[in-house]
Structures are given as structure tokens and as C-alpha cells.
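Residue numbers (my numbering): 430 to 738.
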Amino acid sequence: MVVQVNAIQVPDAPVVLSTASVYPERTPAAFEIAAELGYDGIEVMVTADPVSQDIDMLRRLSEYHQIPITAIHAPCLIFTQRVWGRDPWIKLIKSKEMAEALGATTVVVHPAFKWQREYAREFESGILKMRDETDVIFAVENMYQVRMRGKEVVPYAPSWNPLDRDYPNVTLDLSHTAMSQSDAMDMARQLGDRLSHVHLADGVGGQNFDEHLIPGRGNQPCAELLEHLANNDYRGQIVLEVNTRKSDRETRLTELAEALAFTRLHFARSVPPEPRSEQPEREQIVVRSVPAPALRVFSVHSDGTVSTD
430 MVVQVNAIQV PDAPVVLSTA SVYPERTPAA FEIAAELGYD GIEVMVTADP
480 VSQDIDMLRR LSEYHQIPIT AIHAPCLIFT QRVWGRDPWI KLIKSKEMAE
530 ALGATTVVVH PAFKWQREYA REFESGILKM RDETDVIFAV ENMYQVRMRG
580 KEVVPYAPSW NPLDRDYPNV TLDLSHTAMS QSDAMDMARQ LGDRLSHVHL
630 ADGVGGQNFD EHLIPGRGNQ PCAELLEHLA NNDYRGQIVL EVNTRKSDRE
680 TRLTELAEAL AFTRLHFARS VPPEPRSEQP EREQIVVRSV PAPALRVFSV
730 HSDGTVSTD
């Protein structure tokens, strides 16, 4: 019996879990879940949770679960306005210091809110200045407009759209492209090498709600983007930042395992198949990590489920 084995090559980019993906569970749960499911790292969303602000505790969690902290999300959201004080630059400095202390390569930051007028005026030049002071990457995230009484209102300055600015590094969030009704693939192509960080999630859009669905459950081109990144040898981070707040622990584990399997399956580029004989009656996908020579093997069964051999 001859079974076709499709070999696919995977660029050397980590698939990371955001601590926001386990909310309302707290930061330690993200490390536990990421280690159990086989994620490559953690992005820490700095919030009012004391553990998310504690470098020593985060280091202990990383060491205990043997999973690296690869990124820090600065506390620049509406609900984190009082975390680390009210000065937005202090928040970025503290985020940079945390990243340096923990070995994280990236700080994710949102553009300023319009009411932060002085910060907004200095935002772009300030990001460039901070870039010159550290090896940590500041990746500015794409945001969105909101719709009020039939009109579009933009709460961000200097712009919600990173294509309008010259940020050296950008985070592309696909839940945000759904909300802004942007073309995620066009944005990725235009960003080119400036795209250094991805928040992988899904969304439907059309409402003032940032959905952060599990990839594949909305209308965003999650699979297409992953394949595009793989074909262009993307070496940044792919971070699952999804909403599981209505799920219990068992369901949350299932959803985050599904998100990871989706990402592993689509973040690959094909190589010509070779016929193999006397193989089990299922298609095997051999995943080569580049540049490491070790093989990771996933099996795709006839019902579409994915398992690790």
C-alpha cells in the first residue's frame, strides 16, 4: 500500500500564549496551560494582577514550567490606565525593564489615546528614541475605529492604522482588523519586514466589540496569513491572544489546544511530496523546524482532527 507523505517546512518562529487568553484565570494559569499544551512561550499582559507586574514571580513561573517569556504587553489599555501610574512613558520604560530582566525580545504597545495629547504628539518620535536605547523591540499594534450614532470615531492618535506611520516594528492583530474592517492580508504585505509580531485571533466585525475569537471561527484570513508568513520565512512571534472568558478550565484547555493545532497546521510551507509504502492509513505531516534538524510529526486524521505522534 502506498500512502503519500506531505513534508512541510516551518520557519523558526515561536507560537506563544498570551496571559490574556486565560482570563478570568490569573497569570500563573497561563504558564501552566502553555506548558501542558506545548506552546513555545508566554506573552505577559501587564494588568492589575500583581503577578503580572512582579519580575521575580514571573521568572519563577518561567523556570518552574520551563517556558520562556518572549514578550511583554505594556499596560496601555483602557482597563489598565492606572497600572504603573498614569504616565504612559513610565509604563513603557517599566515594560522595557521587565522585558530586559526576563529575556523577552518584544514589548507590545498601543498608540496613544486622543485625550493623551502630549503623549500622542511625541509618540512616534518617542518610540524611535526608546528603540535606540535598548535591544528590546517596541511593536506598535494596529487598532480600530469605533462607531457611534452612525459615525466613525477614532480614539487613537497619531493613527489607529500603522500603515499611516513609520514605526520600525508593528504588531498585527486580526481581531482588530475585523473590527476596523481592514484587509489583513493587504496590511501584512504592505508592512513587509516591519511586521515583527502577530496577535492571532479571529473576528467577524461590524460591531463595537473586539472579539478575539479562536482562529477559524470568524471571517479573518488566519490560515492565509500563517501560510503567507511561512512562505516569507517570518521569524517574529505568533501570539494566540483569544477570548476564553466564558469557558471553564476544561473547555478553555480544549479551545487553546485547538488554537495551537490550527496555528501549527497552517504555519508551514509545502515541499514536494514523496511516496512512502507500508505506512498507516492516515496522512502524516512531517514538520521540519528551520534551522534545527529535529523533526516534529503531526497526524491529520480523516475527521480533520490533529494529534502529535
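C-beta: ideal position from N, C-alpha, C; glycine also. Everything numeric in this text was worked out from a predicted model, so none of it was measured.
Rank Ile498, Pro479, Gln574 by C-alpha distance to the C-alpha of Gly470 and give the top, closest one.
Numbered from 1 along the sequence shown, position 41 holds the residue referred to as residue 470. Gly470 has its Cα closest to that of Ile498, out of Ile498, Pro479, Gln574.
In terms of residues, what are the limits of the beta strand (DSSP E) holding Asp602?
Within the sequence shown, the letter at position 173 stands for residue 602. First-last of the beta strand (DSSP E) with Asp602: 599 to 602.
Tell me whether Val739 sits in a helix, a strand or coil according to DSSP, three-state version.
Examination of residue 739 is not possible in this model, given that the chain is present from 430 through 738 alone.
Going by Cα to Cα distance, which pick from Leu689, Ala690, Asp677, Phe508 is closest to Glu454?
Within the sequence shown, numbered from 1, the residue matching residue 454 stands at position 25. Ranking the options by Cα distance to Glu454, first place goes to Asp677.
Please indicate yes or no: does the CB of Ala697 lie closer than 6 Å to some heavy atom of the ligand MN?
Among the ligands in the structure shown, none appear at all, so the ligand MN cannot be discussed.
Please give the ranges of any alpha helix (DSSP H) in the stretch 596 to 672, keeping only runs that are unbroken, at least 4 residues long and fully inside the region.
603 to 609, 613 to 620, 651 to 660
Determine the closest residue to Tyr596 out of Pro644, Val538, Thr606, with distance taken between C-alpha atoms.
Taking the first residue of the sequence shown as position 1, residue 596 is located at position 167. It is Val538.
Just mark Val582 as buried or exposed, buried being the case when its beta carbon has 16 or more other beta carbons within 10 Å.
Locating residue 582 in the sequence shown gives position 153, counting from the first residue. Label assigned to Val582: exposed.
If you draw a straight line from the alpha carbon of Glu547 to that of Trp589, how long is it in whole angstroms?
As a working note, residue 547 is residue 118 in the sequence shown. As a working note, residue 589 is residue 160 in the sequence shown. Rounded to the nearest angstrom, the two C-alpha atoms are 17 Å apart.
For the beta strand (DSSP E) containing Gly470, name the first residue and the last one.
Translated into positions along the sequence shown, residue 470 becomes position 41. Start and end: 470 to 474.
Span separating the alpha-carbon of Pro517 from that of Ala652
Stepping through the sequence shown from its first residue, residue 517 is reached at position 88. Stepping through the sequence shown from its first residue, residue 652 is reached at position 223. Going from the Cα of Pro517 to the Cα of Ala652 covers about 35 Å.
Note down the Cα distance separating Gln666 from Phe542, rounded to an integer number of angstroms.
In the sequence shown, counting from the first residue as 1, residue 666 sits at position 237. In the sequence shown, counting from the first residue as 1, residue 542 sits at position 113. Their Cα atoms are separated by approximately 26 Å.
Whether Glu562 touches Arg594 by CB criterion (7 Å)
On the sequence shown, position 133 is the one that residue 562 refers to. On the sequence shown, position 165 is the one that residue 594 refers to. Cβ atoms of Glu562 and Arg594: not closer than 7 Å.
Asn660 to Ile501 span [Cα, whole Å]
Numbered from 1 along the sequence shown, position 231 holds the residue referred to as residue 660. Numbered from 1 along the sequence shown, position 72 holds the residue referred to as residue 501. When rounded, the distance between both Cα atoms is 27 Å.
Fully enclosed by the stretch 494 to 579, which alpha helix (DSSP H) runs are 4 residues long or longer?
517 to 531, 546 to 560
Where do the N-terminal and C-terminal ends of the beta strand (DSSP E) with Leu446 fall, by residue?
The sequence position of residue 446 within the sequence shown is 17, counting from 1. Segment 444 to 447, the beta strand (DSSP E) holding Leu446.
Inspect the beta-carbon positions of Ala464 and Ile496 and report whether they are closer than 7 Å.
Working through the sequence shown from its first residue, we reach residue 464 at position 35. Working through the sequence shown from its first residue, we reach residue 496 at position 67. Yes. Within cutoff.
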